[in-house]
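Below is one structure, written out as structure tokens, with a few remarks after it.
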Amino acid sequence: MLTIASMKQLYSPPAKCLVALAISASLALSGCTTTQLQSRVELPPQFTTISDTTEAELAWWERYADPVLTQLITRAVNENRDIKIAEERVRAARAGVAISNAAMLPSLSATASADTNSNGYSAQARQGAPEVTSFSGGLGVAWELDLTGRLRAGKAAAAADVRASEAHVRGVRLLVVAEVASNYFTLMGAIRQLDTVTAIAQTQQQTLQQVTARQQAGLASPFDVERARTEASRAEAAIPPLQTLVAVSRHRIAVLMGDLPTAAAALSPATAIQVPEVIAGQPAALLERRPDLLAQRAQLDAANWRRQQAKLEWFPKLFVNALFGRQNLEINGMDLSSARFGNVAGLLSMPVFDWGRTAAINDMAQSAQSEALLRYEDAIVRALEDVENALVSLRDERHRSQVLDTAALSAQAALQHAESLYHRGQIDLLPLLDAQRARLGVQISANDSQTQLLLSSVQLFKSLGGGWQAFEAAPASTKDTVVTQHQTSINKESL
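Structure (structure tokens):
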């Protein structure tokens, strides 16, 4: 430990030796760094499901060619509270960088004091005792010289934390975009399904009326009436769950846009949307597109720097403190001349025995570094799994949708033929009810497959990680900003 009482003493032989020792240690440590851990996961050259390696689009929701969907996503990105919460975390992380920067620079402080010493006696006992009054003020400087790079490592770790927070914002933004699209397509599918079930229920209700009339004319039995009533009731019972799904989807879309749940009650989605062709690109592109991978990589960088910072806790730290000021002194009201004072002190410290504290700090940093690496590698393989699963799901659902569409057309033709035969009296009620039941089941499955096909495409776009880049373009001019805000207000009122 070195304490120097004046600027002159700072250059005394013992002080020079210690300063030289600190500088030598700094130079020796200039090449002493810890191992920077990196991912060892080898990415495949392409995905197994497809062979096309063209880059996927950024604003992928525009591929659906639905202006209502684009409008909803734009509003959600601007107003969603989860995104704003994540942006506040970026603000906090940037403040952490400012703190790290400040630790590397000298800090200035001002001091002032006033003291009156009457020796604590009463007025009679104080006669003859001097009354001393002093005033002083000064400016202090404190600085830790970053000889070993420990503070620079902390600054680099804080900067990596900012990158991780920014990637988290992008991830939340992508999640909100995908959730808006998913709920929009769910709403569209529920409305289509509701229309289908309502129309079939009306048809079966008409069948029930016809069978009842035939029973009254003696052409049908009570058993036929009950069977027709059962099928009509079954179709009617499928309506309330679909109405619930429609309402819930509207509520969720409104909340995602940062509004009240009932704000999207009048939202009317498109009746049909074509599923675009999705090009997955190369697996290596996921490392730069998926926000979760960007965040995990930044967290690994932060852990690497904190490991370096912890290792440097073993080496010397040099602190320099200085205080300069002026003091005025009065004795029994007599103003003595003011005096200047100054003091410069240096402190060189290095851990020798601290009951394992520094070793524990290094163990914690090393464990966090290994954990960050494992999390990053796990995120990579999970991202590959997400894309492969989404590609398989989209491919198979597309095939299923085509088959069910063909089956729905056949079921409709069969039902029309059965109705014609029943009205001519060539078949009884049972084949007609079977045809109606088959048409209901196949049409519901076909509608559900169309919805699942859209949801699978959204899941694939989400797993590829793109979309957040579309909202990080260069800021528009003031005029464009005013127009955009006005258009957003109009869109909000229209919903």
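For the sequence shown, my numbering gives the first residue as 435, with consecutive numbering after it. We treat Cβ as the ideally placed atom computed from N, Cα and C, and that holds for glycine. All of these numbers come straight from a predicted model, not from anything done at the bench.
Identity of the residue in the options nearest residue i by Cα
i      : options                        : result
Ala666 : Leu676, Ala869, Ser543, Leu642 : Leu642
Glu670 : His857, Phe657, Ala635, Leu843 : Ala635
Gln761 : Ala662, Leu585, Ser570         : Ser570
Ile707 : Arg474, Val892, Thr482         : Val892
Phe895 : Gln846, Glu747, Pro750, Val709 : Val709
Ser547 : Pro540, Glu565, Leu573         : Leu573
Val754 : Ser854, Met538, Gly899         : Met538
Lys751 : Leu757, Thr550, Trp577         : Trp577
Val815 : Leu471, Thr469, Gln470, Val475 : Val475
Glu513 : Ile687, Ala841, Ala718         : Ile687
Ala633 : Asn738, Arg604, Thr483, Ala672 : Ala672
Gly859 : Leu653, Asn823, Asp516, Leu721 : Leu653
Glu819 : Thr469, Gln480, Ser473         : Gln480
Ser616 : Gly901, Phe905, Ser890         : Ser890
Asn535 : Leu579, Gly875, Asp516         : Leu579
Lys745 : Asp797, Val712, Ala590         : Asp797
Gln742 : Thr792, Ala756, Gln886         : Thr792
Gln886 : Trp789, Gln836, Gln640, Arg523 : Gln836
Arg607 : Leu542, Asp516, Phe657, Ala719 : Asp516
Ala799 : Arg663, Pro564, Gln644, Gly588 : Gly588
Tyr991 : Glu522, Gln644, Arg497         : The requested residue 991 does not occur in the structure, where the chain is confined to residues 435 to 929.
Ser930 : Trp789, Gln846, Gly759         : The structure shown has nothing for residue 930, since the chain only spans 435 to 929.
Asp549 : Ile533, Val566, Gln505         : Val566
Gln846 : Phe749, Gly875, Gln505, Leu609 : Gly875
Phe749 : Met784, Gly790, Arg774         : Met784
Phe905 : Thr504, Tyr498, Gln639         : Thr504
C-beta contact flag for residue i and residue j at 8 Å
i      : j      : result
Leu781 : Ser568 : no
Arg684 : Leu621 : yes
Leu727 : Leu807 : no
Ala714 : Val821 : yes
Leu495 : Val611 : Reading off the sequence, residue 495 comes out as Trp, not Leu. Yes, they are a contact pair.
Pro703 : Tyr618 : yes
Gln877 : Ala848 : no
Gly930 : Arg723 : No answer is possible for residue 930: the residues shown for the chain start at 435 and end at 929.
Ala520 : Ala732 : no
Ala737 : Gln803 : yes
Gln649 : Pro656 : yes
Gln716 : Arg809 : no
Ala817 : Leu676 : no
Pro564 : Ile765 : yes
Val680 : Leu828 : no
Leu477 : Ala718 : yes
Ile795 : Glu747 : yes
Rounded Cβ spacing between residue i and residue j (contact assumed at less than 8 Å)
i      : j      : result
Glu613 : Leu690 : 6 Å
Thr646 : Val659 : 6 Å
Leu825 : Thr483 : 4 Å
Gln903 : Leu492 : 5 Å
Ile930 : Ala852 : Outside the modelled stretch of the chain, which goes from 435 to 929, sits residue 930, for which no answer is possible.
Arg661 : Leu898 : In fact, because the Cβ distance is near 51 Å, the residues do not count as touching under 8 Å.
Ala592 : Val682 : Actually they do not touch by this definition, with Cβ atoms about 42 Å apart.
Ala756 : Val575 : 4 Å
Check: residue i C-beta below 7 Å from any heavy atom of the ligand NAD
i      : result
Ala672 : Ligands are entirely absent from the displayed structure, and the ligand NAD is therefore not among its contents.
Interface flag, residue i vs chain D, CB-CB below 8 Å
i      : result
Gln870 : In summary, chain D is missing from the structure at hand, where a single protein chain is found.
Contact the region 772 to 779 vs the region 500 to 517: 3+ CB pairs below 8 Å
no
Are at least three pairs of beta-carbons, each pair with one atom in the region 880 to 893 and one in the region 614 to 631, less than 8 Å apart?
yes
Continuous alpha helix (DSSP H) assignments of at least 4 residues falling wholly in the region 514 to 594:
515 to 537
Does the count of Cβ pairs from the region 522 to 540 and the region 592 to 605 closer than 8 Å reach three?
yes
Counting Cβ pairs, one atom from each stretch, are 3 or more of them under 8 Å apart for the region 692 to 701 and the region 861 to 869?
no
Runs of 3 residues minimum, wholly inside the region 758 to 843: which ones carry the beta strand (DSSP E) assignment?
You should have 773 to 783.
Would you mind listing the alpha helix (DSSP H) stretches within the region 855 to 911 that are 4+ residues and don't spill past its ends, in chain order?
863 to 898
So within the region 693 to 746, which uninterrupted alpha helix (DSSP H) runs reach at least 4 residues, ignoring any that extend past its ends?
For the region 693 to 746, whole alpha helix (DSSP H) runs of length 4 or above, ordered along the chain, are 720 to 723, 725 to 745.
Could you pull out every unbroken alpha helix (DSSP H) segment of at least 4 residues lying fully inside the region 579 to 664, listed in chain order?
584 to 650
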